[in-house]
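Undergrad: Protein chains in written order, with the working numbering: chain A, 58 to 453; chain B, 58 to 453.
1) Taking only beta-carbon positions, decide if residue 310(A) is within less than 8 angstroms of chain B.
2) Going along chain A, which residues have a C-beta under 7 angstroms from residue 178(B)?
3) Let me confirm a value: residue 270(B) is counted as buried when at least 16 other C-beta atoms fall within 10 Å, else exposed. Which label applies?
4) For residue 152(B), count the other beta carbons within 10 Å of its own beta carbon; 16 or more makes it buried, fewer makes it exposed. Which is it?
5) Check the Cβ-Cβ distances between residue 97(B) and every residue of chain A, and say whether any is below 8 angstroms.
6) Which same chain residues, not among the five before or five after residue 171(A), have their C-beta less than 6 angstroms away from its C-beta?
7) Who are the neighbours of residue 185(B) on chain A, taking C-beta pairs under 9 angstroms?
8) Using 8 angstroms as the threshold, is the stretch 359 to 379 of chain B in touch with the stretch 313 to 331 of chain B, meaning 3 or more CB pairs across them?
9) Below 8 angstroms on C-beta distance, what does residue 74(B) contact in chain A?
10) Determine the DSSP secondary structure at residue 72(A), reduced to helix, strand or coil.
11) Less than 8 angstroms between the CB atoms is what I'm expecting for residue 165(B) and residue 261(B), so what's the real figure, rounded?
12) If you reduce the DSSP assignment to three classes, tell me which class residue 138(B) lands in.
13) Residue 210(B) versus chain A: which residues are under 8 angstroms apart at the beta carbon?
14) List the residues of chain A that residue 299(B) touches, going by C-beta distances under 7 angstroms, in chain order.
15) Are the CB atoms of residue 377(B) and residue 182(B) nearer to each other than 8 angstroms?
16) What did DSSP end up calling residue 78(B) once you bin it into helix, strand or coil?
17) List the endpoints of the continuous alpha helix (DSSP H) containing residue 186(B).
18) When you compare only the Cα positions, how much space is there between residue 138(B) and residue 106(A)?
19) Under 8 angstroms: do the stretch 81 to 97 of chain B and the stretch 426 to 436 of chain B share three or more Cβ pairs, one atom per stretch?
20) Does residue 68(A) come within less than 8 angstroms of chain B when only Cβ atoms are used?
21) May I ask you to list the residues that DSSP assigns as paired with residue 392(A)?
22) On the DSSP letters alone, give me the boundaries of the alpha helix (DSSP H) that residue 104(A) sits inside.
23) Can you give me the start and stop residues for the alpha helix (DSSP H) that residue 320(B) sits inside?
24) For the stretch 267 to 292 of chain A, which residues have a CB atom closer than 7 angstroms to at least one CB atom of chain B, in sequence order?
25) With a threshold of 16 other CB atoms inside 10 Å of the CB of residue 454(B), please say whether the residue is buried or exposed.
26) With 7 angstroms as the C-beta to C-beta threshold (strictly closer), list the residues of the stretch 243 to 257 of chain B near chain A in chain order.
27) Just curious, the beta strand (DSSP E) that residue 222(A) is in, first and last residue?
28) If we cut at 8 angstroms on Cβ distances, does residue 447(B) have a partner in chain A?
29) What does the alpha-carbon distance come out to for the pair residue 155(A) and residue 187(A)?
30) Quick one: any contact between the stretch 66 to 86 of chain B and the stretch 414 to 429 of chain B, if contact means 3 or more CB pairs under 8 angstroms?
31) Could you name the residues that DSSP lists as bridge partners for residue 379(A)?
32) Along the stretch 187 to 199 of chain B, what residues have a CB closer than 7 angstroms to any CB found in chain A?
33) With a CB to CB cut of under 6 angstroms and the five nearest residues on each side skipped, what residues in its chain are close to residue 297(A)?
34) Does residue 110(A) come within less than 8 angstroms of chain B when only Cβ atoms are used?
35) Please confirm if residue 377(A) has its CB atom under 8 angstroms from at least one CB of chain B.
36) Mind checking if residue 168(A) is an interface residue toward chain B, Cβ cutoff 8 angstroms exclusive?
Structure, rendered in structure tokens:
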């Protein structure tokens, strides 16, 4: 029997999805499961985007342009300009999700055995994309005690080797909800310039910032034009996770030229989803105001409810729609599985994402979980109550 | 300025798309360009697939399941069973195009520096996917003189090293139109079994076979269950290139388990396109009968017109919708570009795909082109006339 490759073996299982079979079992037993485990919002997709697809007059569902149509890229540039990101259509390659944008970025700037530095905890699939590209993730641990702020820049500098090609951040962060200050972005910029590294920023949660704090894009930093690469996606912005449309943005046209070759090899992004994404740019500001208001309320309610549980430490996220919590358990993987397998209260239980999968340092984050506040307030409150009851009853 | 990686540099430019700027210039000059260069059919997408999307009642465009829904995979299995391919839903991972299916396959079974053997000429993007995976393509040249039949199996065996992980075929072939006989498939099967290699077959043109000849899938070969991997796509079957839905199929569940990890890392395939693809399985047989009849007529008309041009050698394709032609020119890349830049007849010219990009042996196929018969008969005839006139006038 021919063998799977070492790379195939090393591909990590999704930490968010590995509990899914237990959730399915729970549902089969008739238990209602509240899903705080995934970043799938319950927010409605803008009607203008859905209508564009419903009212299409396509007769032949043809390939789109590999890099995305000029019209769509021009409109995207206008959107970015409104967010103090001065780019034009030649700086953009449309991709099949933010996932593909990151794959193209890594494929363009790294070779087998290269390294990228990422503050941890980080979005778990960065591990998978790194394994797929044959590169190594060098984590720099951030701490729940200061809300997962940027670790001291010296900690980054110490890890730089000739194999280091980039620093990758997610801003605002998944899973941390941390929003980098301009001062922190400037520290990263100076480091990138000093060592001639790329600074890749996954900014798919740009819109979701709270407490009146401003988002600072790596693309707005003067002098960083050759070094900055932005990853973006329509998934969260318009609650269109199933569109699978994103883009890679850079003023460095060697990067764009190379990403285009990857884009051409896979021919095009999905045509219906491109229609929806282009139309979504017409979404009225009111939609965002309402959505941000809703998330902000959920965030406050969730944090304040979590803070009331004894021995639970919770971070104070300023962006995205996640928060990290430290639980009085030894092994949050086991606890999360136990909640699905053995626990219920009045026929209900809750599913969370154990945080260990968001760390690449072995053993880190073992008592932490990520909570996505993508449910309505009542459901959030009930979920936290279930969590509290489960912690009381957990034998582990 | 930080540098693009060696891999990024080595990613090949799409040979089909590199002439696009010249075609665009020609159009700007007012010249009508007949496109024989890409596999984008003019055939209408089945109405049942388009309707499924038009009549959708989605309010939140959510992620789909990473591996595709159970319903869709079950229906796909039923479709395959009708084609003498005995698989069930557990043998299938739905992907974002056939492209992604091949990426998942290569990512699952190869490591950096490994080799795959491919009869050439082959679909140009196999090069790109190989570079992206850090593996080497070992070509075995087939010849226009026998219609690009399978080269002697000894030629394959000679190239097998400890780094060889798979043999990859496209059946029916793009760009050759060649349809492998069962005898040829059995030869490949015996070689794969003898050396414990995977046999990957890109069968996206399965439906497009002519002259009453039968298609033989690697998935129908007894004893090859652990070794066979099939790549498939809805793109050509339903003229839905813009859907970007495909799948990887194998009875080897180590392969499927590994491909699933890649699928989870990129979250899901596009939701609208999945709806269209599932509905497309309801397409009445009549649609295919009409489409195959149309392609078959085009094929006959095209081949017979090409054969009438002096010093043009043309293969006799039995499947897909491409044919290869050898022209009395030294450099078909230059000739194809010249047709777009310098040639026109009554305001019209033609765009073809130079074949050099379908070979990985340097210098091979330099006087060949690939013609896609994806246009109506009158346009095909006019295109061949333009080709004949261009050959007369070409100074190169």
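We treat Cβ as the ideally placed atom computed from N, Cα and C, and that holds for glycine.
TA: Here's the rundown:
1) To locate residue 310(A), count along the first chain from 1; it is residue 253. Not an interface residue.
2) Looking up residue 178(B) in the second chain gives position 121. Near residue 178(B) there are no residues of chain A at all, since even the closest Cβ is about 17 angstroms away, more than 7 angstroms.
3) Here residue 270(B) corresponds to residue number 213 of the second chain, with the count starting at 1. Looking at its Cβ environment, which holds fewer than 16 other Cβ atoms inside 10 Å, residue 270(B) is exposed.
4) Stepping through the second chain from its first residue, residue 152(B) is reached at position 95. The residue is buried, with at least 16 neighbouring Cβ atoms inside 10 Å.
5) For the purposes of this step, residue 97(B) is taken as the residue at position 40 of the second chain. The beta carbon of residue 97(B) falls within 8 angstroms of a beta carbon belonging to chain A, placing the residue at that interface.
6) Within the first chain, residue 171(A) is the residue found at index 114, counting from 1. Contacts found: 192, 220, 222.
7) For the purposes of this step, residue 185(B) is taken as residue 128 along the second chain, with counting starting at 1. Those within 9 angstroms of residue 185(B) in chain A are 318, 319, 321, 322, 323.
8) no
9) Numbered from its first residue, the second chain carries residue 74(B) at position 17. Those are 123, 321, listed as they occur along chain A.
10) Sequence index remark: in the first chain, residue 72(A) carries index 15 (1-based). The answer is coil: DSSP assigns residue 72(A) none of H, G, I, E or B.
11) In the second chain, counting from the first residue as 1, residue 165(B) sits at position 108. In the second chain, counting from the first residue as 1, residue 261(B) sits at position 204. Actually they do not touch by this definition, with Cβ atoms about 19 angstroms apart.
12) Here residue 138(B) refers to the residue found at position 81 of the second chain. Residue state, collapsed to three classes: helix.
13) For the purposes of this step, residue 210(B) is identified with residue 153 of the second chain, where counting begins at 1. Within 8 angstroms Cβ-Cβ: nothing; residue 210(B) doesn't reach chain A, min ~18 angstroms.
14) Taking the first residue of the second chain as position 1, residue 299(B) is located at position 242. Result: 118, 119, 120, 121, 325, 327, 328.
15) Against the second chain, residue 377(B) aligns to sequence position 320. Against the second chain, residue 182(B) aligns to sequence position 125. Going by C-beta atoms, residue 377(B) is not nearer than 8 angstroms to residue 182(B).
16) Mapped onto the second chain, residue 78(B) falls at position 21. In the structure shown, residue 78(B) sits in a helix (DSSP, three-state: H, G or I).
17) For this step, residue 186(B) is matched to residue 129 along the second chain. Following the DSSP letters along the chain, one finds residue 186(B) inside the alpha helix (DSSP H) bounded by residues 182 to 189.
18) As a position in the second chain, residue 138(B) is number 81, starting the count at 1. As a position in the first chain, residue 106(A) is number 49, starting the count at 1. Cα-Cα distance, rounded: 38 angstroms.
19) By the Cβ rule, the stretch 81 to 97 of chain B counts as touching the stretch 426 to 436 of chain B, because three or more pairs are nearer than 8 angstroms.
20) To locate residue 68(A), count along the first chain from 1; it is residue 11. Residue 68(A) counts as touching chain B.
21) For the purposes of this step, residue 392(A) is taken as the residue at position 335 of the first chain. Paired residue(s): none; residue 392(A) is not in a bridge.
22) Residue numbering aside, residue 104(A) sits at position 47 when the first chain is read from its first letter. Note, residue 104(A): alpha helix (DSSP H), 104 to 111.
23) Position 263 of the second chain, counted from the start, is the residue given in the question as residue 320(B). 310 to 322 is the extent of the alpha helix (DSSP H) around residue 320(B).
24) 283, 284
25) Because chain B in this structure spans residues 58 to 453, residue 454(B) falls outside the shown range and cannot be described.
26) 253, 254, 255
27) Against the first chain, residue 222(A) aligns to sequence position 165. Note, residue 222(A): beta strand (DSSP E), 221 to 227.
28) Counting from one through the second chain, the residue named residue 447(B) turns up at place 390. Chain A contact via Cβ: absent.
29) For this step, residue 155(A) is matched to residue 98 along the first chain. For this step, residue 187(A) is matched to residue 130 along the first chain. Rounded to whole angstroms, residue 155(A) to residue 187(A) spans 15 angstroms at the Cα level.
30) yes
31) Counting from one through the first chain, the residue named residue 379(A) turns up at place 322. In the DSSP output, where bridge partners are listed per residue, residue 379(A) has 429(A).
32) 189, 191
33) Indexing the first chain from 1 puts residue 297(A) at position 240. Excluding positions up to five away in sequence, the list reads 102, 291.
34) The residue labelled residue 110(A) in the question sits at position 53 within the first chain. Judged by the 8 angstroms Cβ criterion, residue 110(A) is in contact with chain B.
35) Here residue 377(A) corresponds to residue number 320 of the first chain, with the count starting at 1. Judged by the 8 angstroms Cβ criterion, residue 377(A) is not in contact with chain B.
36) Taking the first chain and counting its residues from 1, the one referred to as residue 168(A) is at position 111. Taking Cβ atoms only, chain B reaches closer than 8 angstroms to residue 168(A), which makes this a yes.
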